[in-house]
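Counted from 1, the sequence shown has number 236 at position 253 by our numbering; the numbering is strictly sequential. Note sheet for the following structure.
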Amino acid sequence: MGRIVAVANQKGGVGKTTTTINLAASLAAAGRRVLLVDVDPQGNLTSGVGQKGRAAAGGTIYDALVSTTAVTDVTPLLLPTPVDRMWLVPADRNLTGAEIELVPLARREERLRLLLEPARDRFDHIFIDCPPSLGLLTLNALVAADAVLIPLHCEYFALEGLADLVGTMRRLRGALNPALDIEGVLLTMFDERTNLGQQVAADVRAFFKEKVFRTVIPRNVRLGEAPSHGLPVLLYDVKSRGAEAYLALAREVIERSAAPAA
Ligand SMILES: Nc1ncnc2c1ncn2[C@@H]1O[C@H](COP(=O)(O)OP(=O)(O)OP(=O)(O)O)[C@@H](O)[C@H]1O
Ligand SMILES: [Mg+2]
């Protein structure tokens, strides 16, 4: 059964999309079947795997979420990506309207779960790339997910606003998603040359303890360049430190999933 992970942090630009693309591509390279789901109206995930402006035969995630009757088959929404075994449900600008169009719909927080639940047996990992907000799109992702992966930019305000995400997760555990877990906290854009980076990393580890991934993602220009070529860094510059870091993260995710639950 595939595991559904929402990549979320309502702070913008912390590495959610970069992590979604590159962790997923590294898992696919290790033989896993992976599905990427873009629920951000910015569509960065979609363009980052070379599918900007493309819709599948059944449209985009927007069509599935705001359909009058719930959509429960993901097949017509799948687009291939440059990586074998890695598929995408794309997003485009229409999705901006979904935050409002979802409001009057029945089970509006559960639309994504209804779509993805039946797809579990076809993929080993399903990653949902969230927008930088805690609106209905992110709520849909948190309701659909088994766990949340939280990227944290190693800078002074890293933990700012995180209380809102953690509070939202607590509320969902009380109602719509009792089993929602933290998949892990990932330190991103780490610059080992600065004391600040070291200090932030230490603070985050003190707070989230063993929930923090051992793997730390360094600041690496290749990670920033790869999406403009529509490629994961693995296919853009496999020897880069960024590619190495996300391969290490994939190994850690595989190890953790093999270990018995604590
Ligand atoms: N480790 C890294 N080293 C260098 N640049 C990075 C790294 N991670 C991400 N970036 C760049 O930083 C910017 C923000 O990253 P990204 O888009 O992944 O963040 P995000 O959390 O998805 O943003 P948003 O909240 O807008 O969706 C992008 O231009 C990306 O290419
Ligand atoms: Mg993003």
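Glycine included, every Cβ here is placed at the ideal spot set by N, Cα and C.
Coarse secondary structure for residue i, derived from DSSP in three states
| i | result |
| --- | --- |
| Ile200 | coil |
| Val86 | coil |
| Asp164 | strand |
| Ile234 | With the sequence shown as reference, residue 234 is identified as Arg, and Ile is not the correct amino acid for it. Helix. |
| Arg239 | helix |
| Arg(-14) | strand |
| Pro215 | coil |
| Ala130 | strand |
| Leu62 | strand |
| Val(-3) | coil |
| Asp151 | Note on identity: in this sequence residue 151 is Thr, with Asp being the wrong assignment. Thr151: helix per DSSP, three-state reduction. |
| Phe190 | helix |
| Asp104 | helix |
| Asn178 | helix |
| Gly33 | coil |
Residue(s) in a DSSP beta bridge with residue i
| i | result |
| --- | --- |
| Asp21 | Asp112 |
| His136 | Thr171 |
| Met69 | Val17 |
| Ala39 | Gly42 |
| Val195 | Val168 |
Rounded straight-line distance, which links the Cα of residue j to that of residue i
| i | j | result |
| --- | --- | --- |
| Thr64 | Ile111 | 15 Å |
| Gly(-15) | Ala141 | 30 Å |
| Asp186 | Asp56 | 43 Å |
| Pro134 | Pro87 | 32 Å |
| Glu238 | Leu61 | 28 Å |
| Ala247 | Gly14 | With the chain covering only -16 through 245, there is no way to say anything about residue 247. |
| Ala74 | Arg205 | 24 Å |
| Ala7 | Val17 | 6 Å |
| Lys(-6) | Leu159 | 23 Å |
| Thr43 | Gly36 | 10 Å |
| Gly167 | Pro115 | 18 Å |
| Glu100 | Val66 | 23 Å |
| Val183 | Cys137 | 6 Å |
| Trp70 | Glu82 | 25 Å |
| Thr0 | Asn27 | 7 Å |
| Lys192 | Leu155 | 22 Å |
| Val199 | Thr52 | 42 Å |
| Ser223 | Ser9 | 13 Å |
| Leu122 | Ala231 | 29 Å |
| Ile165 | Ala233 | 16 Å |
| Gly157 | His212 | 42 Å |
| Gly33 | Ala209 | 10 Å |
| Val(-3) | Thr58 | 31 Å |
| Thr79 | Ala128 | 21 Å |
Distance cut-off 7 Å: residue i Cβ against heavy atoms of ligand 2
| i | result |
| --- | --- |
| Lys194 | no |
| Thr0 | yes |
| Gln25 | yes |
| Asp112 | yes |
Near ligand 3: residue i beta-carbon under 7 Å from a heavy atom
| i | result |
| --- | --- |
| Pro59 | Looking at this structure, you won't find ligand 3 anywhere; what it does contain is ligand 1 and ligand 2. |
Proximity test, residue i beta-carbon vs ligand 1 heavy atom, cut-off 7 Å
| i | result |
| --- | --- |
| Ile44 | no |
| Ile200 | yes |
| Asn160 | no |
| Gly(-5) | yes |
| Asn178 | no |
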